[in-house]
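Everything below concerns the one structure shown next.
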Amino acid sequence: WSLLVLDGKTAHVSAFSNSGWKFTFSHMVIEEVSIIQDNLEIEKSCRQSAEALASKLNRQNRSLKRKSMQLLAHLEPDVIAKISLKDDEEEDSGRQPEGGQDDVPCSSGHCHKIITELRNKLTLMLEAKAQVAIDLEETRERLREAREELLKEKHDNTVLIAKTIQQKELLAKYNRVSLLAVEEYEVMQGSLELEKDLRKEAENFARELLVEQKKLNRQSQILLKSVSPSQALQEALDQVSKLSRALEVQNLDHQKQVILYVFSNCEVLSLRRQMQLLEEEKRGMEERCMKSEVQVKDLRFRVEELQKKLQSAVNPIPGPPPPPPPPPPPPPPPAPPSTNPLSSLLSILRKKKQTSEDIPLVVQDSSGTEPVSDIRQQAVDEMMQRIKKGVNLRPVRQPSKSTTLPQVCPPVLPFLSARLCGCLMRGLPMQSREQERAGPTQTELEKALHRRRCIVETKVQTREYP
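Everything in the sequence shown is counted per UniProt numbering, starting at 1 for the first residue and increasing by one.
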């Protein structure tokens, strides 16, 4: 039965060798094998003592039988008849099966057979024990390798988690910047649509003025027939100069107001977004500063403890306390915010507003006695002087490249602002093109005014975009 139990345990161990419970089952099998081995040794010693007693009893019984047979030969037959041999024989025959059952296993051949079987079982059990010990060592090695792999995987997981957190922070920053860029693009697109509508209205107004100018030209032609030529020409020139001056002044004022409104809104939005980003970065820096202060306090406490231990180990006599550690250096001051290209563009426009007032758009000579040749000569002289002297360009302050903070305005905004200003500056030449398409009825004065207007526009564009 013990061998069957051992075989069952070894079968269970082989079945669960690949699972996690192999370690515990191997311990149980080793304990049971040791218990069975002790029981076998006890049974072996008991069996040897029983065999010795049985052999001794057999010898005694044989000697008694011989003695009794010798005594029976000397007795008389009457005495032998009185002795109840049948009862003794029955008792002997009744006892013989029991003794036979006890004596048969005690025969030498049977005992040797049992001993050989038990020895074979013992060798098998020892082999199984050695195999189980080998399996136990293998399972321990596998468990050690599994623990090392688990530690490596945990380390890799921590590294991956840190990387994912950094990537999430970067993605959050990119999302914020992209949202800000999209919002600014929508604002600029709305302002561009508004400018388009205003430009269309200005063009319609210019067409109406052109129609009225044509009407006035017709009326002036009719008056020229009835009035003297000098007075009619002077009146027509005065009217043309006044209308052109008023139209140009209105267009320039309107364009300046629109540009100032658009760029002021853009600057306010960019400043708000810069402030939000700076607040977020400030919070992050404050959290880092708090963590670093806590770490510095812990490190100071540990350093003080270590210094005390070192002093107590080196100098058993207490000495003066060590001086306190120097305070940590103050954090570096925050870097100045990056300059906004919209603010620089707005300052250029303000300078242009101041300089445009000094440039005369039309000859401001209201004397009605000068002939047409003087006006032409004055325009030609002024144009020649401008060509000779050239145009004085003003330097624009470039944004510093050593800023550490990220730029809130993406590179799309300067491109859109330049395109918007270009579209606004192209509003005035369209009127001159329409006037050129109207027909070859323009006078020399109108051509000169058109040339001067083109020169002024080119100067303004070169100042805005050096």
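Note that the Cβ used here is the ideal one computed from N, Cα and C, for glycine as well. These numbers were taken from a predicted model, which means no experiment stands behind them.
query	result
Beta-carbon proximity check, Leu216 vs Gln234, cutoff 8 Å	no
Between the CA atoms of Lys447 and Glu195 - distance to the nearest angstrom	29 Å
Stretch-stretch touch, CB-based, cutoff 8 Å, three pairs: the segment 242-262 with the segment 273-291	no
Exposure label - Glu184; buried when at least 16 CB within 10 Å	buried
Buried/exposed call for Phe36, threshold 16 Cβ in 10 Å	Checking the sequence, you will find Ile at residue 36 rather than Phe. Buried: at least 16 other Cβ atoms inside 10 Å.
8 Å CB neighbourhood of Glu286 in its chain, flanking five on each side removed	none
Contact check, Val262 vs Ser191, beta carbons under 8 Å	yes
Met384 vs Cys266 beta-carbon contact at 8 Å	no
Of the listed residues Ala236, Val29, Ala379, Arg283, nearest to Leu223 (C-alpha basis)	Ala236
Cβ pair Ile30, Lys129 closer than 8 Å	yes
With 16 other Cβ atoms within 10 Å as the buried cut-off, status of Met290	exposed
Helix, strand or coil at Asn315 [DSSP, three-state]	coil
Cα-Cα separation, Glu138 to Arg119	28 Å
Inter-residue CB distance, Val258 and Leu198 (contact presumed, cutoff 8 Å)	6 Å
Whole-angstrom distance between Glu145 and Glu168, CA atom to CA atom	A quick correction: the sequence has Lys, not Glu, at residue 168. About 34 Å.
Beta-carbon spacing of Leu449, Ser244 below 8 Å	yes
Burial state of Val33 (16 or more Cβ within 10 Å)	buried
Counted within 10 angstroms of its Cβ, other Cβ atoms place Ser270 as buried (16 or more) or exposed	buried
Gln166 burial status per 10 Å Cβ neighbour count (16 or more: buried)	exposed
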